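Engineer: Residues 3 to 125 (my numbering) are what the sequence shown spells out, left to right.
For glycine and all other residues, C-beta sits at the position ideal for the given N, C-alpha and C.
Remember, it's a predicted structure, so these values are computed and weren't measured experimentally.
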Amino acid sequence: MTLQTEYAVFGTLVALNLTLGLYFSLRRKARSAQTTADVFLGNRALRVIPLSASVVASLFSSMGMVGLAGHSYAFGFHLMWNGLTTLFMAPIAAHLFLPVFYHLRITSVFEVRKHIRPLKEVN
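#1: Just verifying my parser: in three-state terms, what is the DSSP assignment at Ala71?
#2: Residue range of the alpha helix (DSSP H) that His117 falls in?
#3: With DSSP as the reference, label Ser27 as helix, strand or coil.
#4: If you draw a straight line from the C-alpha of Arg29 to the C-alpha of Asn19, how long is it?
#5: Just the Cα atoms here: how many angstroms apart are Phe12 and Ala47?
#6: Taking the Cβ atom as the reference point for each residue, do Leu86 and Leu70 lie within a distance shorter than 8 Å?
#7: For Thr109, which of helix, strand or coil comes out of DSSP?
#8: For the alpha helix (DSSP H) that Ala59 lies in, which residues bound it at each end?
#9: Going by the beta-carbon positions, is the gap between Leu100 and His117 smaller than 8 Å?
#10: Output the distance between the C-alpha atoms of Val111 and Ala95, rounded to the nearest integer angstrom.
#11: Tell me the rounded alpha-carbon separation between Thr14 and Arg115.
#12: If you reduce the DSSP assignment to three classes, tell me which class Gly78 lands in.
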């Protein structure tokens with residue numbers, strides 16, 4: 003691939019994502035007023051597939067992919083064990099922690115301290 007082709011593909015992807023984001027943002031804004039719950043949580047009405055895609059996209063970044071490849075080249079494939087343990091630990095975490103977080107209406111780990119008494123005083 004030439005440098006111009008790479009820039010064209012990158013520019014096209016950025017423009018497409020920006021256009022889709024603006025379209026849905028303006029369409030939703032025209033329909034109703036938005037609260038923070040609408041913006042950050044999708045008004046808690048997201049389906050499984052979009053929510054899963056969002057989580058996967060936030061877990062895998064381009065820097066992580068490049069770093070993993072470089073680390074594997076330099077030190078070996080011992081980091082691949084992370085994928086194996088994730089297969090076993092993700093369902094356990096989903097069944098143990100997510101229902102508690104959902105019931106408490108916690109959207110991030112940083113909000114946990116509001117609900118745990120000894121952590122309320124910690125700033």
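Structural biologist: Answer, in terms of the structure:
#1: helix
#2: Val114 to His117
#3: helix
#4: 15 Å
#5: 32 Å
#6: no
#7: coil
#8: Val50 to Leu61
#9: no
#10: 14 Å
#11: 42 Å
#12: coil
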